Amino acid sequence: MASKIEVKDLLEAGVHFGHLTRKWNPNMAPYIYMERNGIHVINLYKTVAKLEEANEALKKIAASGRKILFVATKKQAKDIVADKVSKVNMPYITERWPGGMLTNFVTIRKAVKKMAAIDRMKKDGTFNTLSKKERLQVDRLRAKLDKNLGSIADMTRLPGALFIVDTMREHIAVKEAQKLNIPIFAMVDTNSDPRDVDYAVPSNDDAGKSIEIIMESVTQAVAEGLEERKSEKNNGKDKEEAKAAKTEEAPKKEAKAAEEKPAKKAEAAAPKKEDKAAEEKPAKKEAKAKPDDLTKIEGIGPKAAEALTANGVGTYADLADADAEKVKEILTEASSTLAHLDPTSWPKQAKMAADGKWDELKEWQDSVKGGVE
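Per my numbering, the very first residue in the sequence shown carries number 1259; after that it's consecutive.
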């Protein structure tokens, strides 16, 4: 469990320093504590509360197996973000944000594949057959692609969420994520608009120490989510082994039952009513099963999953049987921000998840424009 961040630590790191009062965004008023010497001071108690809320949501996304894309191209943040995020094996953009990175993801993937193609050329000797000028051009292209897209080489589909440092600077990334309904987490300073993001962490996004302490807390939460996913996989393997052992024992039990006298069959047939009652009770208990992690379905974020679960669509089986129009109604009633989600493919994905066809589901998600129909 990550250590809870304290107000004192944030204060020492200078997280409370905002911008000049004349540069403020009025929508940040709820997060501003006071004004001193012409500078707004951020309320760190609210920062702690918002950071804990964001960490909990990021932890769930990481545990579901989805990638979280970190975006920070400003000079003070790029090295810190690259260092922290690479430790948890998440993709990040610290150079220029490539336009259409999310909305034109298929083309971006082609550029990433071009890097892999150049690497293959070098391995199989094709590269050496080129002229000196062509080799120089290919090397320059490879270096350029690696600088801009090398950190997202392992991101084969659209990310489950974005974490942005300074939404004013990364406004294009914010717009693209909003268009695709991808949850946005961000450090927002007093000159930013917190309404543009789903999880706003009010903090100083210009000082290196401030960025470092927030990123440390966030990456710890992501690491915890990945650890949970790993332990769940190990538990799943143990259950499969136990199931295999039971299937081996089943024929032996059947052979023993065949050797027993027919009289026992007559005795077993007598208490039918009791058996039915006993069967009905577990069935009722099963009906109250824990809800599934619906965020594994492409297009469903934490807020949408919460709305569906609250309306009785909490498992993959429930979603597979649900009508897409009914799901749309639930989302529209829950929140205006969820109203433009397209649940057309959700029952189909949920059916694969309910049947345990995870490989088939991932293949489908990857093949349909990075997960978007």
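All C-beta atoms in this analysis are idealised placements derived from N, C-alpha and C, irrespective of residue type, glycine included.
These numbers come from a predicted model, not from an experiment.
From the options, residue whose alpha carbon lies closest to that of residue i
{"i": "serine 1468", "options": "Ala1481, Glu1583 and Val1446", "result": "Val1446"}
{"i": "threonine 1448", "options": "Asp1463, Val1455 and Asp1456", "result": "Asp1463"}
{"i": "proline 1560", "options": "Trp1622, Pro1460 and Asp1456", "result": "Asp1456"}
{"i": "serine 1594", "options": "Ala1562, Glu1434, Lys1390 and Arg1367", "result": "Ala1562"}
{"i": "serine 1450", "options": "Thr1279, Asp1617 and Asn1285", "result": "Asn1285"}
{"i": "lysine 1325", "options": "Val1396, Val1343 and Tyr1303", "result": "Val1343"}
DSSP-derived helix/strand/coil call for residue i
{"i": "glutamate 1353", "result": "coil"}
{"i": "proline 1549", "result": "coil"}
{"i": "histidine 1277", "result": "strand"}
{"i": "leucine 1438", "result": "coil"}
{"i": "alanine 1330", "result": "coil"}
{"i": "glutamate 1544", "result": "The predicted model places glutamate 1544 with a pLDDT of 45, which falls under 50 and marks its position as unreliable, so this point remains unresolved."}
{"i": "glutamate 1293", "result": "strand"}
{"i": "alanine 1419", "result": "strand"}
{"i": "isoleucine 1300", "result": "strand"}
{"i": "alanine 1580", "result": "coil"}
{"i": "valine 1571", "result": "coil"}
{"i": "methionine 1610", "result": "helix"}
{"i": "proline 1601", "result": "coil"}
{"i": "valine 1637", "result": "Any answer about residue 1637 is impossible in this case: the structure gives the chain only from 1259 up to 1631."}
{"i": "alanine 1465", "result": "coil"}
{"i": "valine 1638", "result": "The question about residue 1638 has no answer here: the residues shown for the chain are numbered 1259 through 1631."}
{"i": "methionine 1259", "result": "In this prediction, methionine 1259 has a pLDDT of 49, which is less than 50 and means its spatial position is unreliable; nothing more can be read from the coordinates."}
Contact under 8 Å by Cβ, residue i with residue j
{"i": "aspartate 1412", "j": "methionine 1373", "result": "no"}
{"i": "tyrosine 1574", "j": "aspartate 1550", "result": "yes"}
{"i": "leucine 1302", "j": "leucine 1269", "result": "yes"}
{"i": "glutamate 1434", "j": "threonine 1361", "result": "yes"}
{"i": "phenylalanine 1275", "j": "phenylalanine 1421", "result": "no"}
{"i": "isoleucine 1588", "j": "leucine 1566", "result": "yes"}
{"i": "glutamine 1607", "j": "leucine 1619", "result": "yes"}
{"i": "lysine 1554", "j": "alanine 1611", "result": "yes"}
Beta-carbon contacts of residue i that lie in its chain and below 6 Å, excluding the five residues immediately before and after
{"i": "valine 1571", "result": "Leu1577 and Ala1580"}
{"i": "isoleucine 1366", "result": "Met1359"}
{"i": "isoleucine 1410", "result": "Pro1349"}
{"i": "proline 1441", "result": "Ala1419, Asp1456 and Gly1559"}
{"i": "tyrosine 1291", "result": "Val1299 and Asn1301"}
Beta-carbon proximity list for residue i, same chain, < 7 Å, skipping 5 on both sides
{"i": "valine 1346", "result": "Thr1477, Val1480, Ala1481 and Leu1484"}
{"i": "alanine 1335", "result": "Val1423 and Ile1469"}
{"i": "isoleucine 1263", "result": "Val1306, Leu1309 and Ser1475"}
{"i": "lysine 1281", "result": "Asn1449"}
Same chain only: Cβ atoms within 8 Å of residue i, ignoring 5 sequence neighbours per side
{"i": "isoleucine 1338", "result": "Ala1330, Gly1466, Ile1469, Glu1470 and Met1473"}
{"i": "alanine 1545", "result": "Bear in mind that a pLDDT of 46 at alanine 1545, under 50, signals an unreliable position, so the number given afterwards is only what the model happens to contain. Counting only Cβ-Cβ distances below 8 Å, and skipping sequence neighbours, we find nothing."}
{"i": "threonine 1279", "result": "Glu1293, Gly1296, Ile1297 and His1298"}
{"i": "valine 1459", "result": "Thr1305, Lys1308, Leu1309, Ala1312, Phe1443, Ala1444, Met1445, Val1446 and Ile1472"}
{"i": "alanine 1541", "result": "Unreliable positioning characterises alanine 1541 in this predicted model, as indicated by a pLDDT of 47, which lies under 50. A coordinate reading is not provided."}
* Length at least 4, wholly inside the stretch 1378–1415: the alpha helix (DSSP H) runs in chain order -> Here the runs fully enclosed are 1390–1407.
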